[in-house]
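Single-structure report; data block below.
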Amino acid sequence: MAIYKKNNNRPNRNKHVEEPEEVQEAHLHQESTTAEVFDALDAGATRTEDWVREHQKTIIGALVAIAVLGLGYLLYQQFVKTPNEKNAANELFFAQQFFDEAMEATDPKVQDSLFKVSIEGGKGKYGFKQIRENYSGTKAANLAEYGMGMAYMRLGDYTNAINHLKAFDASDDIFGALAYGNIGDAYLQQKNAGEALKYYIKAFEFSKNDFITPIYLKKAGLVAALQGKKDDALKYYQRIKDEFPTSEEARTIDILIGKISQ
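Written as structure tokens, this is what we have:
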């Protein structure tokens with residue numbers, strides 16, 4: 001059995017022991033500091049409550065405004081934007097129909113007339129121009145810019161074609177490349193080879209497509225060659241040969257490469 005020796009030096013827990021003066025001062029200081037902190041918190045809380053009471057109407061007004069804005073956005077999406085998109089798409093169908101009829105027409109006069117109707121509207125239906133103006137911000141309005149640009153291209157109005165094709169938001173890989181390529185064609189019609197080459201490059205860089213990319217690589221090569229930029233032309237032609245060997249453009253690419261290499 002272990003025997004513990006009583007420690008007679010242990011202080012009596014029940015006996016009051018007077019703390020040194022420095023310790024008492026430290027405790028008093030701590031208590032004073034703690035009281036000051038709580039007083040400051042109480043004062044801050046009071047000031048906050050007072051401020052809330054004073055600005056209660058403003059706060060409530062701001063919260064209501066936020067709620068109204070959120071509700072307004074939802075209502076706009078449901079009752080304004082969505083119906084606008086639907087109506088614009090319906091109108092675009094008829095404008096595109098006029099454009100397609102023009103493309104199929106064999107009489108040049110009839111063709112030009114239908115292209116103009118696709119732009120200006122007719123038979124009680126909107127053309128590309130009205131869709132763009134009346135349904136601004138919709139996908140159909142953006143596509144109307146493209147349609148209008150292509151209609152002006154067919155009418156030989158290259159300045160308007162360029163303006164509308166540039167206004168088109170080219171997010172789709174196919175339409176984006178075609179928009180840039182047609183801008184290049186319009187500039188070439190205006191004898192502006194420098195801008196034409198710039199947009200042909202934009203067209204084949206916009207997306208890699210087995211059908212579209214080699215077309216604009218070839219056009220870029222032809223224009224570059226005309227400008228005396230043989231190294232650039234050879235680079236574009238070689239890409240067709242290496243990357244798109246089954247394309248229509250690749251069938252005669254060796255002939256073009258041979259001409260450049262002479």
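For the sequence shown, the numbering used here assigns the number 1 to the initial residue and increments by one for each residue that follows. Where is the CB? At the ideal position from N, CA and C, for every residue including glycine.
Per DSSP, the bridge partner or partners of residue i
i, result
"Lys-125", "Gly-122"
Three-state secondary structure assigned by DSSP to residue i
i, result
"Thr-138", "coil"
"Gln-262", "coil"
"Asp-185", "helix"
"His-161", "Note that residue 161 is Ala in the sequence shown here, rather than His. Correct three-state label for Ala-161: helix."
"Ala-179", "helix"
"Ala-88", "helix"
"Pro-245", "coil"
"Ser-113", "helix"
"Ala-105", "coil"
"Ala-144", "helix"
"Phe-211", "coil"
Straight-line Cα distance separating residue j from residue i
i, j, result
"Lys-116", "Gly-147", "11 Å"
"Ala-170", "Gly-176", "4 Å"
"Lys-86", "Phe-93", "11 Å"
"Asn-142", "Lys-123", "23 Å"
"Ile-257", "Ile-201", "18 Å"
"Asn-84", "His-164", "22 Å"
"Glu-249", "Phe-98", "31 Å"
"Glu-120", "Lys-191", "28 Å"
"Glu-101", "Ile-260", "41 Å"
"Lys-251", "Ala-161", "A small correction: the amino acid at residue 251 is Arg; Lys does not occupy that position in the sequence shown. Computed Cα separation, rounded: 31 Å."
"Ser-136", "Glu-145", "11 Å"
"Tyr-187", "Tyr-152", "13 Å"
"Arg-239", "Lys-129", "39 Å"
"Ala-88", "Asp-210", "32 Å"
"Ala-193", "Pro-245", "27 Å"
"Lys-263", "Asp-172", "As displayed, the chain neither begins before 1 nor continues past 262, which places residue 263 out of reach and without an answer."
"Gly-149", "Lys-109", "19 Å"
Any C-beta of chain D under 7 Å from that of residue i
i, result
"Ile-119", "Within the model displayed, chain D is absent; a lone protein chain is all it includes."
Check your understanding: Can we say the segment 203-216 touches the segment 164-182, given the rule of at least three CB pairs closer than 8 Å?
Key -> Touching, yes.
Check your understanding: Using 8 Å as the Cβ pair cut-off and three pairs as the minimum, do the segment 218-227 and the segment 188-205 touch?
Key -> Contact between the segment 218-227 and the segment 188-205 is present, with at least three C-beta pairs closer than 8 Å.
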